[in-house]
Structures are given as C-alpha cells and as structure tokens.
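Position in the sequence shown (from 1) plus 766 gives the number in the numbering used here. Report on the structure given below.
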Amino acid sequence: MTATVTGTGVPSPSTTVHPQRWSFALLLALLALALGVSGLPSPLYPIYQQEWHLSPVSITIVFAVYAIGALGSALTVGPISDAVGRKPVLITALLAILGGLGLFLIATSEWQLIVARFLHGGAIGAITVVAGAALLDVRPHGGARNGMLSGVALNVGIAITVFGAAAAAQWAANPLRIPFAIVGVVVAVMLVAVIVLIEPHTEKTGARIRIQKPSVPTPMLADFWFSGIGILSAWSVLGVFLSLYPALTQHSTGHTSIIFVGIVVAVMAAASAVSQWVGGRFDPRTSAVVGHIGMIVSLGGAVWALNTGSTAFVLVDSIALGVAFGLAFGGSLRHLNDVTPADARGRVMSAYYLLGYLAMGIPTVIAGALASQYGTAEVFPWFAGAISVACLGAAVMGTLGARR
C-alpha cells in the first residue's frame, strides 16, 4: 500500500531556477547524511556483540527494523511530498533522526537499539525519496546527472560517517556514545538549513491524500523494472555488507580493532562513489549491466578473500565490490531519473526505494538467522551465490532490454 494524490489536472514541469543557489548542494548533503546515519552503527556492531552479548540474528533484527521503517516511508512519503511539498517531510525526518540518535546515546539494552533504528529507517527512507525528488524539482532537466550525483552523495556519506565513527570508537573514551553525539550536532545544523530552505516543489497539488497500491506510470514500466532489478541486487549486497560483514572480516583476518572495520566499509563506499562519478559519463543501462557482472566476480572474490584471511585481499575485494556496486546502483538510478515524468517524481522514487529496502531487509534477516544457527562464515558463501544469481538475471535483463 502506498499514498497517492487525488486531484484533477497536472501542472506543467517547472523550468525555473531555484532562488537559493545552495539548495542543490543542500539536498545532496541531506542524501549523504541519510546514508551516513544508516551506516553509522556498522563499525560498532562488533562492540555491541561483545559487550552486550548479542547474537548475529540480534544484529540483523536491529538492521531489519531499520529496513521496515524505511519501507513505511517508501510507501508513503513520495506522494505525500508531491501534495504538501518536500520541506515539511524533510524537517520531520531530521527531527526523527535526532530522536533516534538520542536513544543511541542513552541505550543500555537491545530494545532501545531497535526503536532507534526504526526511527532512523523511517527518517532515512523519507530523505532518500523526497530529497531525490527535490533534486529534480531544483534541476528538472538534469535527470541522469542528478542520479549520478545522488549516488555519489549516498556513498560519500557512508564512507565519511562509517570511518569517522570507527575512528571515534577506536580512540574515544566512550565508543558507543561519542559517534552519535558528533553526528547529532551535524544533523542539528542541517535541520536549521532545511528550515530556511524555500520550498523546492512549486507544483505541489495540495490535494487529498489516500492510501493506495504502489503505482508507476504505464509508459515507463519497462524502464522502471530494469532500474528496480538493479537496486534489488545491489542493495541486497549492501544490507549484509553493513551488518554481518564487519565482524566476519575481523574473524577472518584476526584484526580486532574497530578502525579496521571502518576502513573496510569506507573503502567500499568510496570506491562506489568514484565509480558512479566516472560511470556517469557513460550510458546508464550499460553501466548497470557491467556493474552486475562485476558484483558476481567480486562476491566470489569476497568468499576467496575471507577463506585466505588476507587483509590485503579483503581490502582489494572491498574496493572491487564498491566499484561494481556503484556502477549497478548508479546506472539504474540515472536511468530512472532520466525517464521519470515531472508529475510522478515522488511516487516513482517511492516505488524504487521500496524495492531497495525490501532487498536490504529480507536477505539480511535470512542471512542473520542462518548465521546464528550455522555460523556467519559458513552462510556467507551461500548468500554470495544467491545474490550472484540475481545479478546475472539483472545483467541478462539489461542486455536484452538494450537490444530491444
């Protein structure tokens, strides 16, 4: 079920320039912040496991409720923002992020982590959908470039935040508190910036909002499903990489430091940002197909690197996986931005990220449940194989679609 807007008449696409020249940069910074907050606890999960005696399935439950919250946003906020504007939704989301960070600061039990991540899921889902649509409001004729820059911002946010959290956790006196306090200050500054932002969605309908099934304009269904398969396969990898993979690399290589976990995640995200920047110069569909094939190769490389226990191999494969992920996700997002009509930006982004959060949540929970029973190291190769099959299907679909 999703929210949609009822009303008559569709405004013509806006061609005006937003009066605040910094608005585009702010929206990109919001996307970076959103994914940064989503990855913020990743280098800290091994500490929670050790100090709080949490099992792998507990960690994936904490991660899964984040995906559930994000799903709720993906099902509703796009069409809502089409009706009432982007700014009210973004302000609400930033307040929810602050609430979740506050819970992390005082958390002493697992249930508090679950509530905090649920709040963050809903808020981050709202920001990714609504800020992505607002970028098209601010620059309506730059769909493909907006998609490329969005992908870069998302990965830069993860890289900076995860590495910063790992560094703070490694050397701070209170590693489970300081990272959240620092990010809370950044969020507060961003909230002030959004409050003074002039509403970018000048074509808001103000119409009544009701709950309906997700929908995509019929003429773009084939394009949507190509992009949808791209985010399904890419974010399946992202979910496990941000939840179970950090502890797995520690066990495999023998590195117990939190900064090592931060480096593994950060180099993957940084490589993804670079590949999306470079890939933005090429055809989106071709970039996505190449990325899917690259993920198949790099997932096999991850299994091999973990078996060898080599630090160098783990880092090199993380870079390779980041490059492939960036091409697959970035190509699919650029393609979708390029074909989405102005009057459907919110609901199309909702449907797109709905698939992404489903892919991030469900495989992660399954992998975590199996890991608790059989061990993470034993389950990971099977997970890598299953996702490789999905990537192969996406590559074939993209190739056939290009020929047609």
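Glycine residues also receive a C-beta, built at the ideal position from the N, C-alpha and C atoms.
Compare the C-alpha of Leu820 against each of Ile1153, Leu1166, Ala1137 and name the closest.
Ala1137
In terms of residue numbering, what span does the alpha helix (DSSP H) encompassing Met1061 cover?
1050-1074
Can you give me the C-alpha to C-alpha distance between Gly1046 and Ala935, rounded to a whole angstrom?
35 Å
Contact set for Cys1157: own chain, Cβ-Cβ below 6 Å, skip 5 residues either direction:
Ser999, His1058, Met1061, Ile1062
Considering only residues of the same chain and omitting the five flanking positions on each side of Leu806, which have a CB-CB separation below 8 Å?
Thr927, Val928, Ala931, Pro945, Phe946, Val949
Taking its Cβ as the centre, do 16 or more other Cβ atoms sit within 10 Å of Ser875, making it buried, or is it exposed?
exposed
Does the distance from the CB of Ser1053 to the CB of Gly1097 come in under 7 Å?
yes
Can you tell which of Gly1067, Ile1085, Val918 has its C-alpha closest to the C-alpha of Leu796?
Val918
At 4 residues or longer, and completely inside the stretch 843-882: list those alpha helix (DSSP H) runs for me, N to C.
852-872
Please report the distance separating the alpha-carbon of Asp903 from that of Arg852.
10 Å
Assign Thr1019 to one of two classes, buried (16 or more other C-beta atoms within 10 Å of its C-beta) or exposed (fewer than that).
buried
Residue environment, Ala1161, which counts as buried when at least 16 other CB atoms sit within 10 Å:
buried
Using 7 Å as the threshold, is the C-beta distance between Thr1022 and Pro822 below it?
no
Delimiting residues of the alpha helix (DSSP H) encompassing Arg1100
1077-1105
Test item: CB-CB of Ser1084 and Val1044 under 7 Å:
no
Taking the alpha carbon of Phe1149 as the point to measure from, which residue in Pro1129, Gly1159, Gln1139 has its own alpha carbon closest?
Pro1129
DSSP on Asn921, reduced to helix/strand/coil?
helix
Let me check understanding here. Comparing Cα to Cα, which of Ser847, Leu1120, Gln815, Pro809 lies closest to Ser1002?
Leu1120
By Cβ distance, which residues of its chain are closer than 6 Å to Val1069, with the 5 residues on each side in sequence left out?
Pro1147, Ala1150
With the cut-off set at 7 Å, would you say Ala1135 and Val1145 are in Cβ contact?
no
Since Gly1067 contacts Ala1036 with CB under 8 Å, what's their CB separation in whole angstroms?
Not a contact, Cβ separation roughly 18 Å.
Distance, Cα to Cα, Leu957 vs Leu792?
11 Å
Relative to the C-alpha of Gly1164, which candidate in Val1089, Pro1050, Met1126 has its C-alpha closest?
Pro1050
Among Leu920, Leu885, His886, whose alpha-carbon lies nearest the alpha-carbon of Gly1088?
Leu920
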